[in-house]
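Worksheet for the structure shown next.
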Amino acid sequence: MSRGNIYVVTAPSGAGKTTLVRALLAADHKVQLSVSFTTRAPRTGEVNGKDYNFVSREEFERMIAASALLEHAEVFGNYYGTSQPWIESMLSQGQDILLEIDWQGAQQVRRLLPEAIGIFILPPSIATLEERLRGRGKDSEEVILRRLSAAREEISHVDEFDYVIINDHFDEALRDLVAIVRAERLKLGRQSAFHQAMIASMKG
């Protein structure tokens with residue numbers, strides 16, 4: 115069985131990453147989202163095990179000590195991380211996995227899984243990003259300014275990724291994201307793994 119692909123999707127807050135990822139998952143059922151662990155409190159409407167795996171800080175630190183996390187980072191005072199055993203199990207079964215994580219986590223994933231496919235979602239401009247953050251109407255002025263500062267740091271790491279999608283028009287950005295996933299599946303190595311006998315027979 116061919117090993118699954120692992121996609122790492124990163125973006126500054128407000129760039130539309132989560133909406134794009136949800137649309138991709140709805141359009142391509144061969145991709146499964148990795149549900150991160152976090153120590154932050156659930157927001158209204160969030161479901162444990164679906165949006166995040168919500169755990170205590172003590173439990174998260176036990177996972178770090180046990181080397182049970184593929185990546186982890188502390189963001190705005192809360193831990194976020196990805197289960198390494200679960201990821202390895204899914205990939206070995208040929209399942210494509212998508213991680214929706216920040217640049218720090220992406221760096222850690224690439225160190226352990228250099229084959230990971232990095233996708234960075236950019237807003238068309240910082241001004242547009244600020245407009246989107248303010249338009250959400252759920253953050254204080256202090257939080258908005260902090261997110262904008264963090265966005266500049268995040269964007270400075272864009273060169274570390276394989277693909278960049280500028281989310282100006284949602285439908286176009288979604289088509290780009292779907293195209294990346296399909297293109298990676300069509301690479302010769304993966305096609306040969308699935309259709310080895312057929313390809314060999316055509317070679318004569």
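Under the working numbering, the first residue of the sequence shown is numbered 115, with each subsequent residue one higher.
By construction, the Cβ of each residue, glycine as well, lies at the ideal position given by its N, Cα and C atoms.
Predicted, not measured: the structure shown is a model, and the values here were computed from it.
Would you give the residue range spanned by the beta strand (DSSP E) that Gly232 belongs to? Within the sequence shown, numbered from 1, the residue matching residue 232 stands at position 118. 231-236 is the span of the beta strand (DSSP E), which, as asked, contains Gly232.
N-terminal and C-terminal residue of the beta strand (DSSP E) that Ser197 is part of: One-based indexing of the sequence shown puts residue 197 at position 83. Per DSSP, Ser197 belongs to the beta strand (DSSP E) from 192-197.
Report the residue from Gly191, Leu183, Asn192, Ser206 whose alpha carbon sits nearest the alpha carbon of Arg225. Here residue 225 corresponds to residue number 111 of the sequence shown, with the count starting at 1. Measuring from the Cα of Arg225, the nearest candidate turns out to be Leu183.
Would you list, in sequence order, the uninterrupted alpha helix (DSSP H) runs of no fewer than 4 residues that lie entirely inside the region 135-213? As far as the region 135-213 is concerned, its whole alpha helix (DSSP H) runs of at least 4 residues are 171-179, 198-206.
Do you know whose CA, among His143, Leu262, Lys252, lies nearest Leu243's CA? Indexing the sequence shown from 1 puts residue 243 at position 129. Measuring C-alpha to C-alpha distances from Leu243 to each of His143, Leu262, Lys252 identifies Leu262 as the nearest.
If you check the beta carbons only, do Leu118 and Gly219 fall under 8 Å apart? Locating residue 118 in the sequence shown gives position 4, counting from the first residue. Locating residue 219 in the sequence shown gives position 105, counting from the first residue. The question names Leu, yet the displayed sequence has Gly at residue 118. The answer is no: Cβ separation not under 8 Å.
How many angstroms separate the CA atom of Leu147 from the CA atom of Glu286? Locating residue 147 in the sequence shown gives position 33, counting from the first residue. Locating residue 286 in the sequence shown gives position 172, counting from the first residue. As the crow flies, the alpha-carbon of Leu147 is around 21 Å from that of Glu286.
Rounded to the nearest angstrom, what separates His186 and Tyr194 at their Cα positions? Indexing the sequence shown from 1 puts residue 186 at position 72. Indexing the sequence shown from 1 puts residue 194 at position 80. If you draw a straight line from the Cα of His186 to the Cα of Tyr194, it comes to about 5 Å.
Would you call the CB atoms of Leu236 and Val278 closer than 8 Å? Residue numbering aside, residue 236 sits at position 122 when the sequence shown is read from its first letter. Residue numbering aside, residue 278 sits at position 164 when the sequence shown is read from its first letter. Yes, the pair counts as a contact, with Cβ atoms nearer than the cut-off.
Pull the bridge partners of Val122 from the DSSP assignment, please. Here residue 122 refers to the residue found at position 8 of the sequence shown. Looking at the DSSP output, Val122 bridges to Leu213, Gly232.
If you count every other CB in all the chains shown that lies within 10 Å of the CB of Leu134, and 16 or more means buried, which is it? Translated into positions along the sequence shown, residue 134 becomes position 20. Answer is buried; the Cβ neighbour count reaches 16.
Length of the line joining the Cα atoms of Val257 and Leu247: The residue you call residue 257 lines up with position 143 of the sequence shown. The residue you call residue 247 lines up with position 133 of the sequence shown. Answer to the nearest angstrom: the Cα atoms are 10 Å apart.
To the nearest angstrom, report how far apart Ala137 and Val292 are at their CA atoms. If you number the sequence shown from 1, residue 137 lands on position 23. If you number the sequence shown from 1, residue 292 lands on position 178. In this structure, the straight-line span from the alpha carbon of Ala137 to that of Val292 is close to 9 Å.
For the alpha helix (DSSP H) that Val257 lies in, which residues bound it at each end? Taking the sequence shown and counting its residues from 1, one reaches residue 257 at position 143. Taken as a continuous stretch (DSSP letters only), the alpha helix (DSSP H) holding Val257 covers 255-269.
Counted within 10 angstroms of its Cβ, other Cβ atoms place Thr124 as buried (16 or more) or exposed: Within the sequence shown, the letter at position 10 stands for residue 124. The residue in question, Thr124, is buried, as its Cβ has 16 or more Cβ neighbours within 10 Å.
In its own chain, which residues sit with a C-beta less than 6 Å from the C-beta of Asp210, not counting the 5 before and 5 after it? Numbered from 1 along the sequence shown, position 96 holds the residue referred to as residue 210. Setting aside the 5 residues that flank it on each side, Asp210 is surrounded in the same chain by Gly118, Asn119, Lys144, Val145, each with a C-beta closer than 6 Å to its C-beta; the list follows chain order.
Exposed or buried, Gly88, counting other C-beta atoms within 10 Å across all chains shown (16 or more means buried)? A question about residue 88 goes unanswered here, because the residues of the chain that appear run from 115 up to 318.
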